[in-house]
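>
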Amino acid sequence: MSNTLHLSRRLLALAQTGLHFTAEEYDRERYREIADIAAQLLADDSSHSAAAVREAWFVEDGYATPKIDVRGAIFRGEQALMVRERADGKWTLPGGWADVNDSPARAVEKEIEQETGFTARAVKLAAVYDRNKHNHPAYLFHAWKFFFLCEITGGELRTSYETTEVAFMPLDALPELSTGRTTEAQIRRMYEHASNPQWPTEFD
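Basically our numbering = 1-based index in the sequence shown + 731.
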């Protein structure tokens with residue numbers, strides 16, 4: 732992650748939180764100006780306009796916190812259940828952003844069913860990773876990734892409006908991955924967790 736992205740994201744978070752808590756209009760002006768400067772810095776470092784960056788960031792208000800991405804790892808032997816994303820044509824473990832009012836386990840179970848057709852049960856939280864620390868492409872928002880080991884309980888394989896293919900893929904011949912969602916190292920690490928169920932949850 733570039734230093735510009737890291738610092739600009741922090742400035743946007745401070746501006747968002749400041750706008751939420753302060754009632755002083757002079758302070759609000761300063762926070763809005765900080766947000767504008769941060770958005771311009773990001774725009775200068777990308778193909779997006781400052782207005783587009785600001786609009787994307789301020790979809791939500793209030794205290795700025797990381798976004799939560801959940802991923803479900805299901806294995807059959809040395810094969811992982813994978814989905815091909817309609818958005819970019821690349822493969823990943825099933826999952827996505829957690830929804831408000833869902834528990835973490837319910838969020839990943841719902842994503843698996845929506846994307847693959849299988850109903851599943853979350854068995855273990857294997858890892859909580861800071862997206863910034865695991866070789867993912869640069870991204871505007873700070874995110875934490877929750878990886879669950881899961882087991883299929885029913886349903887049948889199908890695609891969805893988000894996925895064009897669903898298949899169990901061999902670990903030694905993984906397809907082109909959507910690395911913004913899941914990396915090869917993470918998939919292999921989840922297989923190690925599945926092979927060693929006594930391992931504790933890992934984090935960061």
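Every residue, glycine too, gets a C-beta built ideally from N, C-alpha and C.
Given the structure is predicted, the values throughout are model-derived calculations rather than measurements.
What does the alpha-carbon distance come out to for the pair Arg852 and Glu896?
Each residue's Cα considered, the two are about 21 Å apart.
> Contact between the region 824-838 and the region 797-808: three or more CB pairs below 8 Å?
In short, these stretches touch, since the Cβ pair count reaches three.
> Alpha carbon to alpha carbon, what distance is there between Gly848 and Ile918?
So the two alpha carbons sit approximately 20 Å from each other.
> Would you mind listing the alpha helix (DSSP H) stretches within the region 781-824 that are 4+ residues and don't spill past its ends, in chain order?
You should have 781-788.
> I'd like to know whether the C-beta atoms of Val784 and Ala774 end up nearer to each other than 8 Å.
The answer is yes: Cβ separation under 8 Å.
> Apply the 10 Å Cβ neighbour rule to Ser926 and answer buried if 16 or more other Cβ atoms are within range, or exposed otherwise.
Answer is exposed; the Cβ neighbour count stays below 16.
> Using 8 Å as the Cβ pair cut-off and three pairs as the minimum, do the region 754-769 and the region 839-848 touch?
Flag = no, the region 754-769 and the region 839-848 do not touch.
> Report yes or no: do the region 817-825 and the region 892-909 share at least 3 C-beta pairs separated by less than 8 Å?
As far as the Cβ criterion goes, the region 817-825 touches the region 892-909, which means the pair count is three or higher.
> Tell me, to the nearest whole angstrom, how far the beta carbon of Ala769 is from that of Ser739; I am working on the premise that it is less than 8 Å.
Indeed they touch by this definition, with Cβ atoms about 4 Å apart.
> Throw me the rounded Cβ distance for the Tyr922 and Ala811 pair, which I believe falls under 8 Å.
Their Cβ separation, rounded to whole angstroms, is 7 Å, which keeps Tyr922 and Ala811 in contact under 8 Å.
> Would DSSP call Leu736 helix, strand or coil?
Note: Leu736 maps to helix in three-state DSSP.
> Write down the C-beta distance between Gly808 and Thr850 rounded to the nearest angstrom, noting that I regard them as a contact closer than 8 Å.
Gly808 to Thr850, Cβ: 21 Å. No contact.
> For Phe879, which residues from the same chain have a beta carbon less than 8 Å from its beta carbon, with the 5 sequence-adjacent residues on both sides left out?
If we look at Phe879 and ignore the five residues flanking it on each side, its Cβ neighbours are Val801, Arg802, Gly803, Ala804, Pro835, Ala836, Val839, Ala853, Val854, Lys855, Leu856, Ala857.
> Could you tell me the alpha carbon to alpha carbon distance between His792 and Asp861, rounded to whole angstroms?
Note that residue 792 corresponds to Asp in the displayed sequence, not to His. Roughly 22 Å between the two C-alpha positions.
> To the nearest angstrom, how far is the alpha carbon of Ala744 from that of Lys821?
Taking the straight line joining both Cα atoms gives about 31 Å.
> Roughly how many whole angstroms lie between the Cα atoms of Phe806 and Pro931?
So the two alpha carbons sit approximately 19 Å from each other.
> May I ask you to report which of helix, strand or coil DSSP gives Gly848?
Three-state result, Gly848: coil.
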